[in-house]
Amino acid sequence: MADLDDLETAGPALYTGRGDSGRTTFGRHGDVAKTDVRVAAYEDCDEANAAVSVVMAVGNLPIEVTSTLASVQNDLFDLVADLAVPLDDPRAVSARISESHLTRLERAVDHFEQQATDLSGFVLPGGTVAASLLYQARAVVRRAERTVWAAVEAHPTTVNPLCARYLNRLSTLMFVLARGANAEHGDVQWVPGASSLAMAQEADETERP
């Protein structure tokens, strides 16, 4: 994994074998195990970005939603660039997640929740294709957030906690966008114990004379 601040164009051979030992050069953190929580955080955020790209590619969403998600993708690159450089590194960095990143997401949530109309209740992920993909992306983002928090706890002086807070806001935005994508057709509400209730009702009807 290359340092995002010093990334060079790859040569003809994309396979170097340098990671075959289970270790990698992770940005300015240096040589670390591929199982290091900081590497896991980086990779989970990369996966979150890929999940957002799928939503954009096949979700057939309105242009303002797609534009917002494109901006989110750029933010997620800022975020992994942040993770690749220790917070206490005195040298210049390509990007850091800041409070302004969070504020912009909060404004997006405030804007799009007006289109969702009803955010109450617990809903099953699904509905339209767009909503299903947004729910899936939200789940990936939430996993990435947990991994980044683990990295913050393990390396409190070198991992920026604003990265985890950004992902927390982003999962909220994904939820609001998913509810909005289902606004026309409606969400499927969760019914606690629905299967057992149906079985009990069936048994009761069978026992009736």
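Read in numbering that gives the first Met the number 0, the sequence shown has 27 at position 28, and its numbers run on one by one without any break. The beta-carbon is built from N, C-alpha and C at its ideal position, and this holds for glycine as well.
Neighbour-count burial assignment, residue i, 16 or more Cβ in a 10 Å radius
{"i": "PHE25", "result": "buried"}
{"i": "TRP148", "result": "buried"}
{"i": "PRO85", "result": "buried"}
{"i": "ALA177", "result": "buried"}
{"i": "LEU53", "result": "The identity of residue 53 in the sequence shown is Val, whereas the question assumes Leu. Exposed, by the Cβ-count rule."}
{"i": "GLY126", "result": "buried"}
{"i": "HIS28", "result": "buried"}
{"i": "ASP30", "result": "exposed"}
{"i": "THR8", "result": "Only weak support exists for where THR8 lies, its pLDDT of 42 falling under 50; the value from the coordinates is given anyway. Exposed is the call here."}
{"i": "ALA80", "result": "buried"}
Beta-carbon separation (whole angstroms), residue i vs residue j, contact threshold 8 Å
{"i": "ARG142", "j": "ASP43", "result": "6 Å"}
{"i": "LEU132", "j": "GLY58", "result": "5 Å"}
{"i": "ASN167", "j": "GLU144", "result": "6 Å"}
{"i": "GLY21", "j": "ALA39", "result": "Actually they are not in contact, since the Cβ atoms of GLY21 and ALA39 sit about 13 Å apart, beyond 8 Å."}
{"i": "LEU161", "j": "SER97", "result": "7 Å"}
Near the ligand ADP: residue i beta-carbon under 8 Å from a heavy atom
{"i": "PRO124", "result": "As far as ligands go, the structure on display features none, and thus does not contain the ligand ADP."}
For residue i, the residue or residues it bridges with in DSSP
{"i": "ALA32", "result": "ARG22"}
{"i": "LEU123", "result": "VAL187"}
C-beta contact flag for residue i and residue j at 9 Å
{"i": "VAL36", "j": "ALA153", "result": "yes"}
{"i": "LEU169", "j": "ASP109", "result": "no"}
{"i": "VAL64", "j": "GLY179", "result": "yes"}
Residue i versus residue j: straight-line alpha-carbon distance, rounded
{"i": "PHE174", "j": "ALA130", "result": "9 Å"}
{"i": "GLN188", "j": "TYR41", "result": "34 Å"}
{"i": "GLY16", "j": "LEU82", "result": "24 Å"}
{"i": "VAL71", "j": "PRO89", "result": "27 Å"}
{"i": "THR34", "j": "ALA138", "result": "22 Å"}
{"i": "TYR165", "j": "ASN181", "result": "25 Å"}
{"i": "LEU209", "j": "ASP19", "result": "The question about residue 209 has no answer, for the chain in this structure spans 0 to 208."}
{"i": "VAL140", "j": "SER194", "result": "30 Å"}
{"i": "MET55", "j": "ALA47", "result": "13 Å"}
{"i": "ALA136", "j": "LEU123", "result": "14 Å"}
{"i": "PHE76", "j": "SER93", "result": "10 Å"}
{"i": "THR156", "j": "ALA150", "result": "10 Å"}
{"i": "SER66", "j": "PHE121", "result": "28 Å"}
{"i": "LEU68", "j": "GLY185", "result": "22 Å"}
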